[in-house]
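See below for the structure under consideration.
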Amino acid sequence: MIYKGNVWKFGDNIDTDIIIPARYLAHTDPKTLGEHCMEPISPDFSKKVKKGDIIVAGANFGCGSSREHAPIAISALGIPVVIAKSFARIFYRNAFNKGLALIEADVYDLAEEGDEIEIDVFSGTIKIKGNTVKAKPIPPFMMELIEAGGLINYLKKKLEEKK
Amino acid sequence: MGMTITEKILADHSGRSFVEPGEIIDARVDIVLANDITAPLSLEEFEKVGAKGVFDNERVVFVLDHFTPNKDVISAENCKKIREFSKKHQIKHFYEGGNCGIEHALLPEQGIVVPGDVVIGADSHTCTYGALGAFATGMGSTDITYAMVTGNIWFKVPESIKFLCYGKWQKWVTGKDLILHIIGMIGVDGALYAAMEFDGEAISTLSMDSRMTVANMAIEAGAKNGIFKVDEKTISYIKERAKRPYKIFESDKDARYKQTIEIDVSKIGLKVACPHLPSNVVDVEGLKDIEIDQVVIGSCTNGRLEDLETAANILKGKKVASWVRCIIIPATPEIYRESIKRGFIEIFMEAGCIISPPTCGPCLGGHMGVLAKGERAIATTNRNFIGRMGHPESEVYLSGPAVAASSAIKGRIAHPEEVL
Ligand code: SF4
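Okay, structure coming up:
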């Protein structure tokens with residue numbers, strides 16, 4: 117799976133209240149959630165971002181609450197992958213369960229907003245401005261989840277096997 | 040090779056005699072929890088899977104506490120969905136009406152969670168139950184659906200960090216100050232993916248309410264769980280409440296830790312976390328003339344009886360500053376009732392406080408105390424991220440109940456000694 121897009125940069129400790137503020141959590145439809153993504157620090161983000169763009173962030177991306185609305189909001193804008201120095205634990209599970217790929221790599225200082233970036237999710241190879249960066253490999257179990265199409269499809273398969 | 044309490048509970052629930060950090064295991068869960076924000080997504084997934092029912096209708100728990108009593112039509116629709124599902128599947132622990140409180144105060148109080156359990160909840164502060172010697176952690180709605188259907192979930196066994204606490208507690212200082220001190224020291228990702236284990240002589244003198252405050256905020260250091268050993272205090276708390284038999288696990292002497300951090304609690308004073316991270320921690324004395332518009336005393340962190348008692352002791356015979364809204368939220372109906380019996384509610388009303396029904400409400404900027412642009416609050420809650428309590432340009436300071444109550448009187452952030 118190879119993704120190519122333009123970079124949107126966010127710093128360290130981007131928490132779930134930034135990704136999608138709590139006042140919108142009564143909503144479950146992806147479109148509404150996407151419209152308010154990153155609103156507290158970048159009110160126009162949802163209008164400016166294009167399908168296929170990629171988020172590059174610092175450490176501890178997704179810290180805070182367990183709201184799955186956060187990865188849903190990001191995916192709803194057509195962002196297929198987030199690259200960060202590190203991710204918060206619950207966000208990490210949620211993203212993969214929902215089919216948003218997360219890559220742990222340090223390209224923060226290398227990337228500038230708007231740069232074109234290419235990432236091969238399976239091999240973990242990132243290309244930016246002529247540089248090649250190797251990401252931390254995705255754990256085999258997470259790969260299994262992606263290949264199954266998320267946790268719910270994985271469970272569906274399991275339940276059918278039982279029958 | 041020895042194991043930690045976290046490793047032992049996970050080994051026990053995955054039918055193994057030994058597990059070690061980094062392993063991925065499939066474990067049985069004792070309790071699966073969701074709330075009015077996260078359950079709707081879980082139930083949507085439940086439909087998609089085409090499952091016939093839940094794995095055990097006595098072990099799936101729904102607490103509708105975030106936007107309730109329902110703040111708008113969409114919240115009401117969400118609660119209706121969960122109510123109908125609960126009726127259909129005969130969910131035993133469904134809380135919405137006069138029995139409802141903030142989930143992480145309610146579950147231990149009602150004896151739904153017991154020592155030795157594995158608990159997962161679609162709420163990040165599920166880690167609170169570690170105070171009872173259980174392994175408890177937050178997950179997203181999809182993981183919760185998986186566990187609701189199968190009774191199992193996968194875990195990566197975490198490394199453990201031990202916080203060895205010794206020394207005598209200073210006056211006024213509680214579990215909130217300890218955990219703020221720790222988060223200030225190690226940062227909001229200082230325990231990322233790890234188990235935080237709290238031990239030492241200073242912990243044994245800490246009340247159950249305070250232990251729950253400490254475990255509650257383990258997530259604010261990025262931890263997977265926070266955990267305490269079971270002692271006489273735990274047993275006396277749980278003995279009358281436990282709805283199921285429980286099992287006590289204890290870390291081995293030769294258990295392996297990623298790190299051991301020693302903390303002399305006698306050096307910890309009253310702490311405040313400044314905007315916009317729980318790790319921006321300073322001593323209250325260092326904050327001069329920070330005027331406030333609102334005080335919130337409540338939440339799954341500090342809305343328990345001990346917290347309200349502390350606030351009542353400070354507010355007794357005093358008045359809240361005229362321009363300040365001081366909102367008091369007993370975390371559960373039992374705490375509310377006990378606060379009436381003990382006269383706390385009378386004290387709060389005399390002082391000019393607003394008393395809210397048990398709800399998360401302002402803690403997440405939901406309702407019952409949302410901040411306007413430029414407003415500032417001090418709250419006994421656990422998060423002060425940008426916009427957490429309302430407008431993106433509002434500010435939240437975090438403290439324990441003693442500082443919050445004193446600040447309400449002064450109209451600025453204050454130490455209890457300034458008002459007594
Ligand atoms: S009180 Fe606040 S932190 Fe606790 S469960 Fe409710 S919203 Fe979450």
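Chain order of the listed sequences is U and F.
Taken in order, the first sequence gives residues 117 to 279; the numbers are from our numbering.
Taken in order, the second sequence gives residues 40 to 459; the numbers are from our numbering.
Glycine included, every Cβ here is placed at the ideal spot set by N, Cα and C.
Measuring CA to CA, which of the options is closest to residue i?
i, options, result
"F:M178", "U:A175, U:T241 and U:L267", "U:L267"
"F:R439", "F:S249, F:D111 and F:L403", "According to the sequence displayed, residue 439 of chain F carries Gly and not Arg. Comparing Cα positions, the closest option is F:S249."
"U:W124", "U:L261, U:L149, U:I157 and U:L275", "U:I157"
"U:W251", "U:R209, U:P159 and U:V197", "The residue asked about is misnamed: residue 251 of chain U is Ala in this sequence, not Trp. Comparing Cα positions, the closest option is U:V197."
"F:S318", "F:A257, F:V153, F:S433 and F:V363", "F:A257"
"F:G413", "F:K449, F:I394, F:C402 and F:D332", "F:D332"
"U:G240", "U:N247, U:E228, U:A221 and U:G246", "U:A221"
"F:P396", "F:G169, F:G429, F:E116 and F:V335", "F:V335"
"F:E385", "F:E271, F:K358, F:L403 and F:A161", "F:K358"
"F:G169", "F:I225, F:T43 and F:N264", "F:N264"
"U:F212", "U:Y224, U:S191, U:E232 and U:P159", "U:S191"
"U:Y140", "F:R451, F:G429, F:I64 and F:A441", "F:G429"
"U:I235", "U:G168, U:S162, U:A142 and U:E151", "U:G168"
"F:K327", "F:M251, F:S446, F:C402 and F:A234", "F:S446"
"F:E434", "F:D156, F:A418 and F:A281", "F:A418"
"F:K282", "F:E97, F:Y375, F:R55 and F:R381", "F:E97"
"U:M117", "U:M259, U:N269 and U:L275", "U:M259"
"F:N109", "U:Y270, U:A142, U:K164 and U:K166", "U:A142"
One question on the structure: do residue i and residue j come within less than 8 Å of each other, judged by their Cβ atoms?
i, j, result
"U:N202", "F:L231", "For clarity, residue 202 of chain U is Ser in the given sequence; the question names Asn instead. In this structure, F:L231 lies closer than 8 Å to U:S202 by Cβ."
"U:I170", "U:G121", "yes"
"U:L218", "U:I244", "no"
"F:G172", "F:K47", "no"
"F:E330", "F:R415", "yes"
"F:G404", "F:I368", "no"
"F:T340", "F:N421", "yes"
"F:Y436", "F:V311", "yes"
"F:E148", "F:T371", "yes"
"U:G127", "U:A173", "yes"
"U:I136", "U:A189", "yes"
"F:H105", "F:N138", "no"
"F:V188", "F:V93", "yes"
"F:E345", "F:S246", "yes"
"F:A360", "F:I448", "yes"
"F:T398", "F:T107", "yes"
"F:T349", "F:A453", "no"
"F:L82", "F:I113", "no"
"F:A262", "F:I353", "no"
"F:I366", "F:G426", "no"
"F:V88", "U:K273", "no"
Can you say whether residue i is buried or exposed, counting buried as having 16 or more other CB atoms within 10 angstroms of its CB?
i, result
"U:P187", "buried"
"F:Q209", "exposed"
"U:N247", "exposed"
"F:V196", "buried"
"U:G230", "exposed"
"F:A50", "buried"
"U:G253", "A quick correction: the sequence has Pro, not Gly, at residue 253 of chain U. It is exposed - the Cβ of U:P253 has fewer than 16 other Cβ atoms within 10 Å."
"F:V99", "buried"
"F:S290", "buried"
"F:A411", "exposed"
"F:E59", "exposed"
"F:F288", "buried"
"U:P159", "exposed"
"F:I151", "buried"
"F:W362", "exposed"
With which residues is residue i paired in a DSSP beta bridge?
i, result
"F:C204", "F:I302"
"F:Q333", "F:R364 and F:A416"
"F:E271", "Bridge partners of F:E271: none, in fact."
"F:L410", "F:G429"
"F:D322", "F:K310"
"F:H451", "The question names His, but residue 451 of chain F in the sequence shown is Arg. F:E330, per the DSSP bridge assignment."
"F:G41", "F:A294"
"U:A217", "U:V197"
"F:A134", "A small fix is needed here, since residue 134 of chain F is Tyr in this sequence, not Ala. Looking at the DSSP assignment, F:Y134 forms a beta bridge with F:V102."
"F:M256", "In DSSP, F:M256 forms no bridge with anything."
"U:V249", "U:I242"
"U:M258", "DSSP, once it has assigned bridges, lists no residue as partnering U:M258."
I want to see whether chain C comes within less than 8 Å of residue i, judged by CB atoms only; does it?
i, result
"U:N176", "Checking the listed chains, one finds no chain C in this structure; the protein chains it contains are U and F."
### Message
Quick check: the stretch 302-313 of chain F against the stretch 196-205 of chain F, are at least 3 beta-carbon pairs closer than 8 Å?
### Response
yes
### Query
Are the stretch 124-133 of chain F and the stretch 146-166 of chain U touching, with three or more C-beta to C-beta distances below 8 Å?
no
### Cβ pair count under 8 Å reaching 3, the stretch 124-135 of chain U against the stretch 177-187 of chain U
yes
### Task
Determine contact between the stretch 56-70 of chain F and the stretch 153-166 of chain F, defined as no fewer than three beta-carbon pairs at a distance below 8 Å.
yes
### Task
Report yes or no: do the stretch 213-231 of chain F and the stretch 40-60 of chain F share at least 3 C-beta pairs separated by less than 8 Å?
no
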